[in-house]
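Under the numbering used here, the first residue of the sequence shown is numbered 1, with each subsequent residue one higher.
Note that CB positions come from ideal geometry on N, CA and C, so glycine has one too.
Only one structure is covered here, and it is reproduced in the block below.
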Amino acid sequence: MKNRQAKHKYQSGRTLPIGLVGLAIIGAVAVAVVTNSFYIVDTGHVGVERTLGNVDMEETLPGVNLKLPLLTKSYEFSGKEIAIDLEDLRPKAADNLSLKDLDVTVFYRAAPEKMAELMVKYSGASVYGDNVVLPAYRVVFREARGAVYEAVSTIESLELHRQRDLLQSSIIENLQARLDVEDPGVFTVSRAVVRALNTDPSIEASIRAAVENQKRLEAKRIEVEIAQKDAEIEIERARGIAQANEIINASLTAEYLQHEVNLALQSFADNGGSTVVIPANMQGFDLILDQGRLNRASQ
1 MKNRQAKHKY QSGRTLPIGL VGLAIIGAVA VAVVTNSFYI VDTGHVGVER
51 TLGNVDMEET LPGVNLKLPL LTKSYEFSGK EIAIDLEDLR PKAADNLSLK
101 DLDVTVFYRA APEKMAELMV KYSGASVYGD NVVLPAYRVV FREARGAVYE
151 AVSTIESLEL HRQRDLLQSS IIENLQARLD VEDPGVFTVS RAVVRALNTD
201 PSIEASIRAA VENQKRLEAK RIEVEIAQKD AEIEIERARG IAQANEIINA
251 SLTAEYLQHE VNLALQSFAD NGGSTVVIPA NMQGFDLILD QGRLNRASQ
């Protein structure tokens, strides 16, 4: 009797609660189904669904989206501005001299309504970032390198430091043109930033020499301009003196000189203590004295 009770107790200890296990399995399956029946797309991104290997060509909008659990996989593509860093580039300038180091960052974005097409066309070229897919990243990266090399090749190495804005705008234009060849209206190149531009040491020495020569040339140019201005001033001064002399000479007519002589003689004549010497030929005498009055005085 005692052995039978012990055996019954041992068998009861090994018995599993089948009902609880079943409920646990059903609950786990339900949780898996529920969690896999929807996904969330962040603002600025779009979703693309793939069901049993087929890509749905209609993108899903930001927010909560439903999907077939376990059968549909969702991908979240970035519709925001994406940065591509190009580092340690050594392009050749227009004078065939290579740069020592060039670092550039370009920024692009893809049209949200084209994400599904990009996923199909460039399935191996997209890059998975932080919980988001960067559309056609490798394609844009490759074209951006070519755009940088093309832009640098149009500018002299000595001018690159002074033409940084031109270089950046050329990179944007070149990259946009390259991307539009295969995918017009899909990509937008928004910015390009030249972060580092280091030329060869020999070029640096040439740049410094060119800057110094430019400064000396500017100083000489200023000296020439000053000398020209001084010469112009002297010319104007001489011209003024000459014109003044011409005016004076033009005004010194015989009549004017005679008039001045008459005034001087009249002044002496009015002064009783003065002696007036009249020229022997009496020229100008009749202009000073009234002849009738002289005749009356002599009578």
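Pull up the CB-CB distance for residue i and residue j, whole angstroms please, since I reckon it's below 8 angstroms.
i      : j      : result
TYR108 : THR188 : 6 angstroms
ALA83  : THR105 : 6 angstroms
SER78  : TYR39  : That belief does not hold up - the Cβ atoms of SER78 and TYR39 are roughly 15 angstroms apart, past 8 angstroms.
VAL194 : LEU166 : The pair is not a contact, with the Cβ atoms about 10 angstroms apart (cut-off 8 angstroms).
LEU197 : LEU99  : 7 angstroms
ALA116 : VAL48  : 5 angstroms
SER37  : PRO62  : 18 angstroms between Cβ atoms; not a contact.
Taking the DSSP output, what are the residues bridged to residue i?
i      : result
THR60  : GLY47
VAL104 : LEU86, VAL194
ARG109 : THR188
ILE40  : VAL64
VAL55  : ARG50
VAL127 : LEU134
LYS92  : SER98
So is residue i buried or exposed if we call it buried at 16+ other beta carbons inside 10 Å?
i      : result
LYS67  : buried
ASN245 : exposed
LYS114 : buried
SER12  : In this prediction, SER12 has a pLDDT of 47, which is less than 50 and means its spatial position is unreliable; nothing more can be read from the coordinates.
MET57  : exposed
ARG239 : exposed
GLY124 : exposed
Give the DSSP-derived three-state secondary structure of residue i in the structure shown.
i      : result
GLU236 : helix
GLU76  : strand
SER98  : strand
LYS67  : coil
LEU134 : strand
ASN262 : helix
ARG296 : With a pLDDT of only 48 at ARG296, under the threshold of 50, the placement of this residue in the model should not be trusted; the figure read from the coordinates follows. Here ARG296 sits in helix by DSSP.
ASP270 : helix
ASP200 : coil
GLU340 : Because the chain spans 1 through 299 in this model, residue 340 falls outside it and cannot be assessed.
With a floor of 4 residues, list each alpha helix (DSSP H) that falls wholly inside the region 138–193, ordered by position along the chain. 164–182
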